[in-house]
Amino acid sequence: MSEGIGASVLRKEDKKFLTGKGRYTDDINRSGQTHAYFVRSDVAHANIKSIDTKAASAASGVVAVYTGEDVAADGIGGPICGWVVPCRDGSPTKEPPHPILANGKVRYVGDHVAVVIAETLAQAKSAAELVEVEFEELPAVVDLESASSSAEIHKEVPDNCYFDWELGDEASTDKALESASRVVKLQVKNNRLVPNAMEPRAALAEYDDVSESYTLHTTSQNPQLTRLVIAAFMFQIPESKLRVVAPDVGGGFGSKIYVYAEEAVCTWASKKINRPIKWTADRTQAFLSDAHGRDHINNVQLALDDNNKIIGLRVDTICNLGSYLSAFAVSVPTYLHGTLLSGVYDIPAIYTNVKGMATTTAPVDAYRGAGRPEATYLLERTMDAAAREVGMDPTEFRRLNFIPKDAFPYQTQVALQYDTGDYEPQLDQAMEMIDYKNFENRRSEAAKRGMYRGIGVSTYIEACGIAPSAVAGALGSRVGLYESASVRVDPTGTITVFTGAHSHGQGHATTFAQIVSEKLGVPLANVDLIHGDSEKNSFGMGTYGSRSLAVGGAALVKALDKVIEKSKKIAAHLMEASVEDVEFNEGKFAIAGTDKEKAFGEIALAAYVPHNYPHETLEPGLEESAFYDPLNFTYPSGAHIAEVEVDPATGVVEVVDWAACDDFGNLINPMIVEGQVHGGIAQGIGQALLENAHYDENGQLLTASYMDYCMPRADDLPSFKVGYTNTPCTHNDLGVKGCGEAGAIASPPAIINAVIDALSPLGITDMSMPATPLKVWKAIQDSQSVAAE
Amino acid sequence: MTLGQVLLYFMLYTYRLITVNLSNFLTGIQKQYLQSLNRSSNDLRHECSIGEGNMGEISLNINGKVQTHDVGDNTLLVDFIRESAGLTGTHVGCDTSQCGACVVHVDGVSVKSCAMLAAQAAGSDVITIEGIGTSDSLHPMQEAFQENHGLQCGFCTPGMVMSAIELVSKNKNASEKEIRDGLEGNICRCTGYHNIVKSVKAGAEKMGV
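Sequences listed follow chains A and B, in order. For the first sequence, position 143 matches number 189 in the working numbering, and the numbering has no gaps at all. For the second sequence, position 203 matches number 439 in the working numbering, and the numbering has no gaps at all.
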């Protein structure tokens, strides 16, 4: 069986995880290690009048207690903002300081006030209780819609507005709305979520006073970037004096992209006490201080002409970015959201305005999909609302407005140019998979059992493979978004790949090895992958935005091409032929028109045992590197259809069937891709039916454990039918588009559209996320009382 | 273990659950009430804990090897396994006995090891993920998880596999619904459970239970 591209080979990394040999940050211990525990604010918004650490410092086992004053005295800065946008009035994004230990003020429940470092975690926790903090409480700012007129959170952020940004042509869009024969209006809310990777964030920091350098093991999706930010921007030390390692990482979903206060404080303090420091979040700390996701309110106006063709779309959004601007918080609701508003539809005029607001809640940043789920949700909800208003089947209304397949490359009105796509076959296939045409029979059958059955469609697009650096830079990114890869061939022909991407569940050790196996014709077992260690790996941008394969994999191909190019020179020399005559196929270098050939292993050996070698024209060794900067985003798309049954007695929504047909371009390992789709759908169902991060009016997070925040469990979900179409990406060598976020982007509107469809006999036309049993039950009761009147 | 010891352990366990969970349940009103008493939730936690005494040495047979270590009166079984025995395959994902990443078998029964005191398990036979198979000779359930792509990041996997083994041992021909219900106490954020359910079905067949 082939082990190369397209083969569902089993994962190389599985055995260590299955036998308990995974090595996550908290599994690592050091001799002389101390433990850190953070004193956190238990109020949402307050001036700090005083902090008394005397009793804590004197407590049993305590090594040190530090506050924001100590951090400031050492000139340690806070995490930086990686992406900013210009405001409508020409002013820049407001970037308030973000101290890693609070300096004079706390701005959310969970904000870091002090750190206690002790011999044991229990001692650190006990001593943390002795830190006396006197707060002068200020009004909490929780409600997004009134945030602009609420208490000032940062003096640098007038009206609590970080930015007020726009994209598209307002005049032509408003003209379309005025001239439309029908304008469909809808307000939707995208509920606030907590990413909840199963491994809580952790850090193990060490300082070596001989080499004067730090080593930080941490739960990161992009350790090289963490190193750059901490060394250059926060500590202002030579970058080479900090090594950052992200060992096995137990899921990320966006939440482990950023540099957080905890790992920076531990790193800084490890030098001060000259001992290793470990910190691991418990789940409630994770709920309080991991960056949250989503939290938008979108007001949508969709203009239709007489033929039900869309002629314009206006979306006014306010989004909650929380107490401080997290690294990529600004990009999520702007260039990862506004640019996706054309969806898979041919829309001649689009305008969007986005206001990014500060509140006294945890920072909000990217969570699986990051901006694109919000765009897809508002658009797909509106498509269904419009279909309902004009009396069309939602699939037919979508078909009428799809970008036709002969229109590619398609320039949207919101900056992006889609290179390829073909949307009708996806919808056809998904409808076939779920037996759409016989749905009404199933609805009738369910009705006989007293159940409301509904079906919901979502046809989505996403921009991933993030990102062309030039485009990202022009749009406000302060970083490039290329990726690096190195291929080291050993003398015996075994291969080590070094990538700047980071795997925390995605299976890179397998997928990347398959690419090598395909290109060089070597067995999968001969290929190893090294990632996640700034001392070993070249600078790279890490894993998020479904970019690892589309950017990191493409970089690997570039490096492999260089290996092949050099191998051909070696082969030409060994076989005394011209390099132009060397052909490489299935692991063998052959001279065209002769029976001369050399296996890849022979070339590798010759590269390192260069006897009789033309040193003037050929270096010994076989090791090549490449950086790849994509030419465009990639544009995966698809159709997801959900079928649900609602029990009117309890309000419980059961997802009874699911069909997904996605176009990810070429697939390297279909088994892994399918797993990514499943996981994404599950998170989307979680958003639609179960999950909600809820702050009360005082800014207390009421959902700060798994007893109050409803995670999707096995019995909440169905099995999924997954299929594919393929229009290969035109601008990377693999023809791949990325698959990590698709399920989470596509699924929430499919569910809610299905719930609304199920309840449509009751006259229900709206349902907000999460559609909890209580909310659904109340909607049913209300509809019945309206009917009774 | 005498009846008195059992009762003491039960009390310690209950106190710990109360003290651990208290802070999660506090609403703003409760906090105000506590503040009015000039006491914080941490004060309460302090008062509720019965000292931080040393229980002395206890012995557990973990994966066939007797492990004898000093423990505190509040040392959890999971900490004994991870910190004292150095077996880091058992994970902590939530601290509130919800997620199941810490599931091990104690005397043949699956247990969330974050919800049991080490002392409660004294003298018991404990099997962790490291004890059911090796990379050269995987347990049939481990094999099934690999063959069906039942894991991604691997963090929930040890607990999931340990729960799955008990599940199919008790119910040889578990249906999809029974498997889903049976895994309700194990949270996975990566896989959407689809392939875990497939793995458990395949694992049951392989185990020939």
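Ideal Cβ positions, reconstructed from N, Cα and C, are used throughout, including at glycine. Just so we're clear, the structure is a prediction, and the values are computed from it rather than from any experiment.
Chain B contact residues for residue i, given Cβ-Cβ distances below 7 Å
i       : result
L724(A) : The sequence as given places His at residue 724(A); Leu does not occur at that position. Per Cβ cutoff of 7 Å: T427, G428, H430, N431.
Residues that residue i contacts on chain B, provided the C-beta gap is smaller than 9 Å
i       : result
N242(A) : I423, R425
K324(A) : Under the 9 Å cutoff, chain B gives no residues; its nearest Cβ is about 11 Å from K324(A).
I718(A) : H385, Q388
Any C-beta of chain B under 8 Å from that of residue i
i       : result
K67(A)  : yes
H550(A) : yes
M757(A) : yes
M497(A) : no
E49(A)  : no
F766(A) : yes
A695(A) : no
D294(A) : yes
A555(A) : no
K61(A)  : yes
L763(A) : yes
G297(A) : yes
Neighbour-count burial assignment, residue i, 16 or more Cβ in a 10 Å radius
i       : result
G496(A) : exposed
G66(A)  : buried
Y654(A) : exposed
N353(A) : exposed
P322(A) : buried
T538(A) : exposed
T811(A) : exposed
R69(A)  : exposed
V832(A) : exposed
R238(A) : buried
V625(A) : exposed
F279(A) : exposed
Chain A contact residues for residue i, given Cβ-Cβ distances below 8 Å
i       : result
G325(B) : T65, G66, K67, G68
DSSP state of residue i mapped onto helix, strand, coil
i       : result
F635(A) : strand
L167(A) : helix
T219(A) : helix
Y370(A) : coil
M403(A) : strand
E49(A)  : coil
E420(B) : coil
E643(A) : strand
A836(A) : There is no way to answer for residue 836(A), as the model of chain A reaches only from 47 to 835.
R444(A) : helix
T363(A) : strand
W823(A) : helix
T71(A)  : helix
8 Å Cβ cutoff, residue i in contact with chain A
i       : result
H385(B) : yes
L363(B) : At residue 363(B) the sequence reads Ile, which differs from the Leu that was named. No, its Cβ sits nowhere closer than 8 Å to a Cβ of chain A.
F381(B) : yes
Q303(B) : no
V314(B) : no
S371(B) : yes
E420(B) : yes
E441(B) : no
C350(B) : no
L403(B) : no
V397(B) : yes
Q356(B) : no
D309(B) : no
Chain A residues whose Cβ lies nearer than 9 Å to that of residue i
i       : result
C338(B) : Residues of chain A passing the Cβ test: none, with the nearest at roughly 11 Å.
Neighbour list for residue i in chain A, Cβ cutoff strictly below 7 Å
i       : result
D343(B) : Per Cβ cutoff of 7 Å: no residues; D343(B) is ~20 Å from chain A at best.
Contacts that residue i makes with chain B (C-beta to C-beta distance below 8 Å)
i       : result
Y752(A) : C330, T332, Q334, C335, I423
E245(A) : H327, G329, C389, F391
Contact test: residue i Cβ vs the ligand NAD heavy atom, cutoff 7 Å
i       : result
P682(A) : For the structure depicted, the ligand NAD is absent and the ligand set is empty, with no information on it obtainable.
task: Within the stretch 662 to 730 of chain A, note down every full beta strand (DSSP E) run reaching 3 residues or more, in order along the chain.
output: 669 to 674, 683 to 692, 699 to 709
message: Extract the residue ranges of the alpha helix (DSSP H) inside the stretch 254 to 333 of chain A, only unbroken runs of 4 or more that lie entirely within it.
response: 269 to 274, 307 to 319
message: Which complete alpha helix (DSSP H) runs does the stretch 110 to 159 of chain A hold, if anything under 4 residues is left out?
response: 114 to 119
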